[in-house]
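Reading through the structure tokens given below for one structure.
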Amino acid sequence: MNRGRPVSTLVRFAKWQLKNRFQDEMIFNWIHGAKLAVLRGITGATGNIYCGLPEYVDTRFVIDTLKLGDLFVDIGVNVGSYTVPASKVCGVRTIAVEPDPDTARVLRRHIEVNGIGSKVQVVEAAIGANIGTVSFTVGRDTVNRVARSEGTNVRAVVVKTLDDILNGEIPRLIKIDVEGFKRKVFKGAASTLADPRLRAIITKSLDQDVLEILGRCFRQAHYDPDSRLIRHQKTEATHNSLMVR
Numbered sequence: 001m002n003r004g005r006p007v008s009t010l011v012r013f014a015k016w017q018l019k020n021r022f023q024d025e026m027i028f029n030w031i032h033g034a035k036l037a038v039l040r041g042i043t044g045a046t047g048n049i050y051c052g053l054p055e056y057v058d059t060r061f062v063i064d065t066l067k068l069g070d071l072f073v074d075i076g077v078n079v080g081s082y083t084v085p086a087s088k089v090c091g092v093r094t095i096a097v098e099p100d101p102d103t104a105r106v107l108r109r110h111i112e113v114n115g116i117g118s119k120v121q122v123v124e125a126a127i128g129a130n131i132g133t134v135s136f137t138v139g140r141d142t143v144n145r146v147a148r149s150e151g152t153n154v155r156a157v158v159v160k161t162l163d164d165i166l167n168g169e170i171p172r173l174i175k176i177d178v179e180g181f182k183r184k185v186f187k188g189a190a191s192t193l194a195d196p197r198l199r200a201i202i203t204k205s206l207d208q209d210v211l212e213i214l215g216r217c218f219r220q221a222h223y224d225p226d227s228r229l230i231r232h233q234k235t236e237a238t239h240n241s242l243m244v245r
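Residue numbering for the sequence shown follows the UniProt record's numbering, beginning at 1 and increasing consecutively.
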């Protein structure tokens, strides 16, 4: 979103660098009436100040695809860079899943400043193949994840399955960012994945296990935000993989 606008981009960057030294929180006018309540050190939010939409192609797919009446599921929502556009810009209902309670507090602040509390259901849990608990890292901002081994800087979080959370509801679109936990997420979502009302999934890089699960109902594609067409050939760099039914 900074293309062709180097001066305004640098001014925005400089303003944030100056203001965050004197304010604990800055309300930032983001896109299409959406706002962010930005705190120092919250990189999931400051990236939006610097770049507009850091994951531009993927966020544009969400904005261009969702329409009133749809349900959007954001798994690993972080501070709401997908949830806020979905519910504020598109006006859809969102189920926002975030296991880290510190990050969930930032998310709830963004829900508050955008006035979308009636449209967003926050679920503080990890998503997996079975209901239970799991150790989760603390203090890593946007890269908190399921702990690989027991350590001192972890906390126990509740694990739920996606099928259990949805309880028969089917989203039009799912975005998932779970730092290497995708296979277990999809194993606990068999009913959701099989339902034809789920049209697409945005996920981080695909491994063979995940491709095997999703390949039964979905195929990989690429979104061109300029033409608003889904293509087989990649047209622009993207952080994630798009799977369409």
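Every residue, glycine too, gets a C-beta built ideally from N, C-alpha and C.
Restricting to Cα atoms, I'd like to know which of the options is closest to residue i.
| i | options | result |
| --- | --- | --- |
| E112 | I127, L36, G132 | L36 |
| V157 | P101, G188, P171 | P101 |
| D24 | I42, E179, N167, L162 | I42 |
| L107 | T9, V77, R40, Y223 | V77 |
| I213 | H232, L173, K187, T192 | K187 |
| N20 | D177, I49, S8 | I49 |
Where residue i and residue j are concerned, what is the direct C-alpha to C-alpha distance, given to the nearest angstrom?
| i | j | result |
| --- | --- | --- |
| R183 | K160 | 14 Å |
| K226 | Y56 | Note on identity: in this sequence residue 226 is Asp, with Lys being the wrong assignment. One C-alpha to the other measures close to 11 Å. |
| V190 | I95 | The sequence given here has Ala at residue 190, not Val. Using only the alpha carbons, I get a separation of about 18 Å. |
| Q208 | G215 | 10 Å |
| T65 | I131 | 31 Å |
| M1 | G168 | 38 Å |
| N240 | Q121 | 24 Å |
In the DSSP output, which residue or residues are listed as bridge partners for residue i?
| i | result |
| --- | --- |
| A86 | Answer is none; A86 lacks a bridge partner. |
By DSSP, does residue i sit in helix, in strand, or in coil?
| i | result |
| --- | --- |
| H232 | coil |
| K175 | strand |
| A190 | helix |
| R219 | strand |
| N29 | strand |
| K184 | helix |
| R155 | strand |
| Q23 | coil |
| S241 | strand |
| I201 | strand |
| L66 | coil |
Answer yes or no: does any C-beta atom of chain C fall closer than 8 Å to that of residue i?
| i | result |
| --- | --- |
| E98 | Looking at the structure shown, chain C is missing, and only one protein chain is on hand. |
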